[in-house]
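Beneath this line is the structure, given in structure tokens, with notes to follow.
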Amino acid sequence: MVFLSVMRQVGFRFTGTHRGPDKFWRRRRFFKMTAHFVGRKRNCFRIAIKYVHRAMVFATKDRKLRKETVRDLWETRLEGACMEHNFTRKLLMDSLSRHNVLLNRKSLSNLAIWEPRTFQSLMNIAWVTAAQERIRGADGLGPAPKNVFVPQIEDEVD
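Per the working numbering, the sequence shown starts with residue 363, numbered consecutively.
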């Protein structure tokens with residue numbers, strides 16, 4: 363390599379113009395983000411950069427959609443669990459909120475899947491609350507669940 367001046371040679375050797383180890387770590391950061399890609403998108407740096415930026419754009423756009431999808435999943439799971447106990451999801455949520463059991467959709471759907479006995483107890487609490495307070499939609503609840511004590515509410519007669 364021929365340099366026409368001393369300053370050009372100094373510029374390449376002693377200043378911060380060389381990439382050095384930073385180049386390795388910069389590339390590694392991108393390659394870690396492309397680890398699940400297939401083909402040259404994963405291995406070639408120039409192509410990997412394009413697809414990482416593209417993936418980040420999609421992740422930004424789909425963030426709101428993912429929240430809606432997960433919420434729909436929780437509601438579907440909760441609806442199925444309530445159908446097993448001859449209940450509706452709306453009646454369950456209303457009854458539990460009136461009884462000051464403040465559990466959200468995610469917690470209730472997780473309980474329905476992983477803790478069926480706990481969910482059964484919550485269903486019993488909701489049934490009693492709906493029967494006592496005569497919540498709209500509680501007309502066709504049917505008989506009381508087994509081992510559930512339902513105190514009778516006497517109508518006040520003047």
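We put the beta carbon where it would ideally sit given N, CA and C, even for glycine.
Is the separation between the beta-carbon of residue i and that of residue j shorter than 7 Å?
i	j	result
S549	A417	As shown, the chain starts at 363 and ends at 520. That puts residue 549 outside it, with no answer to give.
C444	T450	yes
T396	R404	yes
V461	M485	With the sequence shown as reference, residue 461 is identified as His, and Val is not the correct amino acid for it. Contact: no.
D427	L470	According to the sequence provided, residue 427 is Leu. The question's Asp does not apply to it. Their beta carbons are not under 7 Å apart, which means L427 does not touch L470 by this criterion.
L453	A492	yes
In three-state DSSP terms, what is residue i?
i	result
L503	coil
I487	helix
T431	helix
N509	coil
R534	No information on residue 534 is available, as it lies outside the stretch 363 to 520 that the chain covers here.
T480	helix
A397	coil
For residue i, I'd like the list of residues in its chain whose CB is within less than 7 Å of its CB, leaving aside the five on either flank, ordered along the chain.
i	result
L468	In the sequence as presented, Leu is not what sits at residue 468; that position holds Lys. These residues qualify, in order along the chain: W436.
Looking at the unbroken alpha helix (DSSP H) that takes in residue i, where does it start and where does it end?
i	result
T422	F407 to K423
Can you list, in chain order, the residues of its chain whose CB lies under 6 Å from that of residue i, leaving out five sequence neighbours each side?
i	result
F407	R389
Output needed for residue i: all residues of its chain with C-beta closer than 8 Å, excluding positions within five of it in sequence on either side, in chain order.
i	result
F392	F407, A410, I411 and V414
F399	A410 and Y413
List, from N- to C-terminal side, the alpha helix (DSSP H) runs of 4 residues or more that fit wholly inside the region 436–465. Qualifying alpha helix (DSSP H) stretches, in chain order: 451–460.
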